[in-house]
Amino acid sequence: MGLLSKKDTNLILDPLADNNPITIQVLGICSALAITAELKASIVMAIAVLFVLGLGNVVISLMRNIIPSKIRIIVQLIVVATLVIIVDQVLKAFAYELSKTLSVFVGLIITNCIIMGRFEAFALANGPWKSFLDGIGNSLGYGVILIIVGFFRELFGSGTLLGYPVLGDPITKTGVYATGYENNGFMIIPPAALIVVGIIIWVQRSRNPALVEDN
Amino acid sequence: MSDKRLTFKKRLHILKHHYRGKKMAPAFNAIHTFLFAPDETTHSGSHVRSADDLKRTMNTVIMALVPVLIFSMFNAGYQHFSALNGFPENFSVMDHFLTWDNFWIGIIKVLPLVVVSYGVGLLIEFIFAVIKGHEVEEGYLVTGMLVPLIVPIDTPLWMLAVAVVFGVVIGKEVFGGTGMNILNPALTIRAFLFFAYPTWMSGDKVWVYEARERAEQIADGATNVDAISGETVLGFLAQGKGAEMDAIYSTWDMFWGFIPGSVGETPTFLILLGGLFLVFSKIASWRIMLSAILGSLVMGLIFNGVVDQGWISQSSPFYGLMSFDFWKHLIVGGLAFGIVYMATDPVTGSQTNRGKWIYGFLIGFMSVMIRVFNPAYPEGVFLAILLMNVFAPTIDHYVVQGNIKKRLKRLNNATIFPKDSEGEAKELKAETV
């Protein structure tokens, strides 16, 4: 990448794997559990967070020298809230069904720990370009996990992907269902997401033992 | 020693040395020690050696389960034919129950469940033992026997296999294997099945062999098959059909186990015998069993009291189960089985004596409560035990803290006689309390 220095590349790539906000820092779990029953919702949520975190990081970074540190949380909240309202209104206008599926969780992006975490930990101390890359990297790391979880939950829970019946029709018993296979109702309920995220964490740490915390 | 005089045991022992240090050693050792006690003796230090090891403990529980398993194989056929031809009049155990026809249904339906449960579960145990490089743990021996007994008879084998993989890996291995799990693996498997495939785990078409199959054929337009309906006692009650149920099943039927239900949960009498066997062989805790029985009786009495006081109308969806005689809760559904074989699991239950009383009592109490109030499924033993599994360490913690507090109080109130020097007095305090 000629455009980005090595340091900048790491800002984007680190959160995708070894410093993933969900599997390593265990942040943003609530939304990862709540909306990953369908792949489509996961993708939209990932994009929404990408927009909010990428832009929010830039805004906070630009204002970092004029925000009084005593009220910085309030300022950060206002920035996130503004961006989230934009996302919410766009969804309501152009993808009403989806915004109903995501329901309250779009609004709850405000409370997503990843966003406030990146504002506090990175944007307040770095320039806008770096903050932008950091925001993109972290939201991509968040989105990747969301999409993996959403993929498995929708595939095994509903037998569909993005709404397409990839495994056949469970009612007329075509495709895989002809063999007696049935959808796993457990994957639909939020605890399943916790277990899928847990398995991802397990796999990641057994591949890279450096990530395992000492006791 | 000539080759001829080598016993099978010796040959295995020689083979074992051959495998020592190799990757497959744990897998081999498991088979070896499953068949025989190893020849090795302790090399250093002094140890108290007892034959009462983990494998012996597990085998004792399995022995207590075998009568239940055999009964359930006969009952599988008995329920099937009774649902088809009507329950026999002048029922006699020899003529109507212990028949080859009944047992054959058991062989083709119950035995595969046992084989799949053990096959898949032990395979996973072997894989994990080889990966982790330590001996195969015996933990699955009991779980493998419990699982086929707590599922409906028509459970598809692949579902059972998926659930066993989930239960053993997520319920046990991720915590570090046998002895480290916080949840009972057999109940984890049952809960997984319940949430993953609810249509196969509840309703009136899953408890009797072929009931579901025939219902599907009839739905497809077949006219030459008779429908089978095998509602459980609790299922009847939950629908407010108590009178209908009374006409079919007598209280003695419930006690002996001639009722539909999960494969092995029905024979309260044999479970009682198994429980006594476990108590007298000191494998299971009588405190947990007794307190769980008390807990369920208390909750049952409360519900009966609510009905007697007229606080609940007959049209209420809970009326049927609430008006059920309080002591009968113990002989229907999985309560007896859960109390005897699952609640007493020494790994996931409470460890302290006082803790065991609380733990057991709450299991009985919650089981009956969930059973009555669960709108989707009139049974709650597995949920109650899993819930209390989670709370068992907390209960133990407070019991231990309470004991420490009590002894500290005694320490502070203790009169110490030699008051010459403070140091000595303090030492005496520590010794006397």
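Protein chains in written order, with this note's numbering: chain A, 243 to 457; chain B, 990 to 1422. Built from N, CA and C at the ideal position, the CB exists for glycine as well.
Check, Outcome
"Sorted by chain position, which residues of the same chain lie with C-beta nearer than 6 angstroms to F1017(B)'s C-beta, five sequence neighbours on each side aside?", "Y1008"
"Work out the CA separation of V445(A) and P451(A) for me, nearest whole Å.", "10 angstroms"
"Please classify S1061(B) as buried or exposed, where buried requires at least 16 neighbouring CB atoms within 10 angstroms.", "buried"
"Residue range of the alpha helix (DSSP H) that A1381(B) falls in?", "1370 to 1402"
"Return the bridge partner residues of L319(A) from the DSSP annotation.", "None; L319(A) has no bridge partner."
"Classify M243(A): buried if its beta carbon has 16 or more other beta carbons within 10 angstroms, exposed otherwise.", "Note that M243(A) scores 47 on pLDDT, short of 50, meaning its location in the model is unreliable; the coordinates nonetheless yield the value given after this. Exposed."
"Could you give the distance in angstroms between the alpha-carbon of N299(A) and the alpha-carbon of K248(A)?", "20 angstroms"
"Please classify V346(A) as buried or exposed, where buried requires at least 16 other C-beta atoms within 10 Å of its C-beta.", "exposed"
"Chain A partners of I1159(B), CB-CB under 9 angstroms?", "I437, G440, I441"
"Can you give, in chain order, each stretch of the beta strand (DSSP E) that sits fully within the segment 1287 to 1329 of chain B and has at least 3 residues?", "none"
"Taking I387(A) as the reference, which of L269(A), N252(A), S311(A) has the closest Cα?", "L269(A)"
"Near N261(A), what residues of its chain come up, given a Cβ to Cβ distance below 6 angstroms and the 5 sequence neighbours on each side ignored?", "none"
"Going by the CB atoms, is the gap between S381(A) and L295(A) shorter than 8 angstroms?", "yes"
"Which residues mark the beginning and the end of the alpha helix (DSSP H) in which G1160(B) is found?", "1146 to 1160"
"Closest Cβ-Cβ distance between G422(A) and chain B: below 8 angstroms?", "yes"
"Considering only residues of the same chain and omitting the five flanking positions on each side of P1101(B), which have a CB-CB separation below 8 angstroms?", "L1146"
"Establish whether the CB of Y1238(B) and some CB of chain A are separated by less than 8 angstroms.", "no"
"When you compare the CB positions of N1064(B) and T1255(B), do they come within less than 8 angstroms of one another, or not?", "yes"
"Starting from the C-beta of M990(B), find all residues in its chain whose C-beta is less than 6 angstroms away, skip the five residues before and the five after it, and write them out in chain order.", "Low per-residue confidence applies at M990(B): pLDDT is 44, beneath 50, and the placement is therefore not dependable, though the value from the model is reported in the following sentence. Nothing meets the Cβ criterion."
"Would you call the segment 1310 to 1328 of chain B in contact with the segment 1217 to 1227 of chain B, where contact means no fewer than 3 C-beta pairs closer than 8 angstroms?", "yes"
"Within 10 Å of its beta-carbon, does M1169(B) have 16 or more other beta-carbons around it, so buried, or fewer, so exposed?", "exposed"
"In chain order, what residues of the same chain lie with their CB nearer than 6 angstroms to the CB of F393(A), ignoring the 5 residues before and after it?", "L281"
"Hey, is F1184(B)'s beta-carbon within less than 8 angstroms of any beta-carbon in chain A?", "yes"
"What residue from G410(A), V408(A), M358(A), A367(A) has the CA that sits closest to I315(A)'s CA?", "M358(A)"
"What's the gap between the Cα of L1058(B) and the Cα of I1291(B)?", "34 angstroms"
"Kindly list, in the order they appear in chain A, the residues whose Cβ is closer than 8 angstroms to that of P1187(B).", "G427"
"I need the boundaries of the alpha helix (DSSP H) containing T402(A), first residue and last residue.", "Careful: T402(A) lies outside any alpha helix (DSSP H) and carries neither H nor E."
"Check whether the segment 1355 to 1367 of chain B and the segment 1285 to 1299 of chain B are in contact - that is, three or more C-beta pairs closer than 8 angstroms.", "yes"
"On a CA-only basis, which of W1300(B), V1050(B), L1324(B) is nearest F1371(B)? Give me that one, please.", "L1324(B)"
"For S1218(B) and D1193(B), which I take to be in contact (beta-carbon distance under 8 angstroms), what is that distance rounded to the nearest angstrom?", "5 angstroms"
"Just by C-beta distance, which residues in the segment 1162 to 1175 of chain B are closer than 9 angstroms to chain A?", "V1163"
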